[in-house]
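Okay, so here's the structure we're looking at.
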Amino acid sequence: MKLNSIGVVIGPCKTSSTHGSSSSSSSSFRCCTLSTTPQPKAKRVRVLPGLSMEENHHHHHHHRNEQNNGAKLIRKKWQEYQGVRNWDGLLDPLDDNLRREILRYGGFADAAYKSFDFDPSSPSYATCKFPKRAFLENSGLPGTGYRVTRNLRATSGIKLPRWLDRAPSWVATRSSWIGYVAVCQDKEEIARLGRRDVVISFRGTATCLEWLENLRATLSHLPCQTSGSDCDGPDGCGPMVESGFLSLYTSGTDLNPSLQQMVRNEIGRLLQSYGDEPLSLTITGHSLGAALATLAAYDIKTHFNRAPLVTVISFGGPRVGNRSFRCRLEKQGTKVLRIVNSDDVITKVPGFVFEDCHASRPDEFHVAGLPSWIRRQVEDSSPSWVYAEVGRELRLSSRDSPYVNGFNFATCHDLKTYLHLIDGFVSSKCPFRATASKMLGKHARSENLARV
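Counting in UniProt numbering, the sequence shown runs from 1 upward without gaps.
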């Protein structure tokens, strides 16, 4: 394939069956032949073939104007891009400004991986490799206009048997670096965004005890700060979330405060500093980090009476809670955008999904799809296994991309795959643009298996 002077793809484009098809052929994909020219890398000028230097200069000047217009639109409509209207009209087709914002927050999630010490033989295992002052630059995000203000740690609440004292120290690592808080400090970026933005970013599973927490898939009750019917949802049992995620969020030791306490302390401090100006709080994460992001958003809106607009941008996250939990999130005004790869198993666990107003999908197992008598039996006897999806969903598929080789667990769940699919997605009728950036690194990296 090649590009002509106006960015139209010349050449054939393979087609496949309907979006989300279960076909296993790696060459089965759909893409659009008409697409905008991909953005050039910063400080590099891409010369388009067939154009004179004057014509190339005009093309790039026009492209910069488009970017400036997009920046103006974000400044004026930033609340819509943060989900105040639940992203109505922005997801299908995917709005280009929203795409750029999702990819930008995906970069913050990726930085949480790049800064984590995965090496169990290292004396600094499970800590952050970079100092706060140079954190984003060293993590591959220079020039963001954000500054890291707080490192975050998560502690497992699992009680280990004493015989594990003889095991290598990395096996029993209870507390580990899990993410960070960053605040936009650059005046030009604040002007572009239309507000000061605070980002909380979480990585996915990395340590042995985090893996064990993931397996604690039954639901546990959340403490409710209200009384009566405000605390009960449609299932009548109050908000419940996955036991392992709740443990990682609320557990602490004498030496290590809980992740919940660290988040509350830092957000409280930032609200005192910036609460009188336009402010947004965007929480992002991948896999386990997506689940913790949802819990942190719920906790912030519950704990702070004057919390700003809180938005979750989650990548490849598992299910988190029951219908009561979802109802509480919606009542709070917490906005959640779940980016889901149809070929990613992690997004289909744990538990069952209780379908009510949400559309059914043939590739997932739903309690509501069962006969009514079986459904009642499951709900009555096993309420701790009945989950509910939260927020709005942006559904993608690895099978729509010509660049994803194979559909194994690690590849379909990798954050790099998610960022690639977002960059390429156009709409449900045209799921992949042919000029999308590949954005894919080596999926065989050892960290991939840890990113769950």
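Ideal Cβ positions, reconstructed from N, Cα and C, are used throughout, including at glycine. Here the structure is a predicted model, which means the values were calculated and not measured.
Nearest to residue i (by Cα), restricted to the options the options
i	options	result
PRO431	PRO402, VAL349, THR411 and LEU103	PRO402
VAL148	SER122, ALA154, GLU266 and SER175	GLU266
GLY106	LEU94, PHE315, VAL345 and ASP276	PHE315
LEU415	VAL312, ALA154, TYR113 and SER273	TYR113
SER397	GLY406, GLU389 and VAL390	GLY406
ASP186	PRO142, PRO161, GLU213 and SER156	PRO142
TRP211	GLU189, SER176 and ASP197	SER176
ASN138	TRP163, ALA126 and ASP110	ASP110
ASN86	CYS184, VAL310 and SER122	VAL310
ARG150	ALA134, GLY275, VAL349 and LYS72	ALA134
HIS303	VAL404, GLY268, CYS184 and PHE245	GLY268
ARG323	PHE352, ARG166 and ILE346	PHE352
PRO239	ASN408, LYS348 and GLU330	GLU330
LYS348	PRO308, VAL390 and HIS420	VAL390
TRP78	GLY275, SER122, GLU189 and SER121	GLU189
ILE346	GLY317, GLY321, THR334 and GLN332	GLY317
LEU193	PRO161, GLU101, PRO350 and ARG162	GLU101
PRO278	CYS184, ALA154 and THR417	CYS184
LYS301	GLY333, GLY275 and TYR180	GLY333
HIS420	VAL404, ASN408 and LYS429	VAL404
PRO131	PRO161, PRO308 and TYR180	TYR180
GLN82	ARG392, ASN408 and LYS429	ARG392
Cβ-Cβ distance between residue i and residue j below 8 Å
i	j	result
ALA191	ARG99	no
ILE283	ILE339	no
SER258	SER251	yes
LEU152	VAL263	yes
CYS128	PHE118	no
VAL171	ALA182	no
VAL312	ALA293	yes
VAL336	LEU94	no
ALA126	THR207	yes
LEU394	LEU103	no
LEU288	TYR249	no
ASN341	CYS412	yes
GLN260	ASP299	yes
GLY424	ALA410	no
LEU255	SER220	no
ASP343	ARG399	yes
ASN97	LEU73	yes
Cβ-Cβ separation, residue j to residue i (assumed contact under 8 Å), whole Å
i	j	result
THR218	SER384	4 Å
TYR387	ARG328	About 14 Å separates the two Cβ atoms, so there is no contact after all.
PHE202	GLY145	Actually they do not touch by this definition, with Cβ atoms about 21 Å apart.
SER280	ARG174	About 33 Å separates the two Cβ atoms, so there is no contact after all.
PHE325	LEU222	7 Å
LEU209	ILE178	12 Å between Cβ atoms; not a contact.
SER156	GLU213	6 Å
Bridge partners - residue i, DSSP secondary structure assignment
i	result
CYS430	In DSSP, CYS430 forms no bridge with anything.
VAL340	ARG395
LEU222	DSSP output for LEU222 lists no bridge partner at all.
VAL320	Partner(s): none; VAL320 has no beta bridge.
GLU242	LEU219
residue 476	Residue 476 falls outside the range modelled here, since the chain spans only 1 to 452, and no answer is possible.
CYS237	Partner(s): none; CYS237 has no beta bridge.
ILE283	ILE200 and VAL312
CYS412	Answer is none; CYS412 lacks a bridge partner.
TYR387	VAL353
LYS335	THR311
LEU91	LEU94
Residue i - containing beta strand (DSSP E), residue span
i	result
residue 456	This structure gives no information on residue 456, because the portion of the chain shown stretches from 1 to 452.
THR155	146 to 155
CYS184	175 to 184
LEU417	Sequence check: residue 417 is Thr here, not Leu. Premise fails: THR417 lies in the alpha helix (DSSP H), 415 to 424, not in any beta strand (DSSP E).
ARG196	196 to 202
VAL263	Where VAL263 is concerned, there is no enclosing beta strand (DSSP E), although the alpha helix (DSSP H) it sits in stretches over 259 to 274.
LEU193	No beta strand (DSSP E) contains LEU193, which is instead part of the alpha helix (DSSP H) from 187 to 193.
LEU309	309 to 315
Endpoints, alpha helix (DSSP H) assigned at residue i
i	result
ARG328	323 to 332
THR294	288 to 303
LEU141	Run containing LEU141: none; DSSP gives neither H nor E here.
LEU212	208 to 214
GLU80	78 to 81
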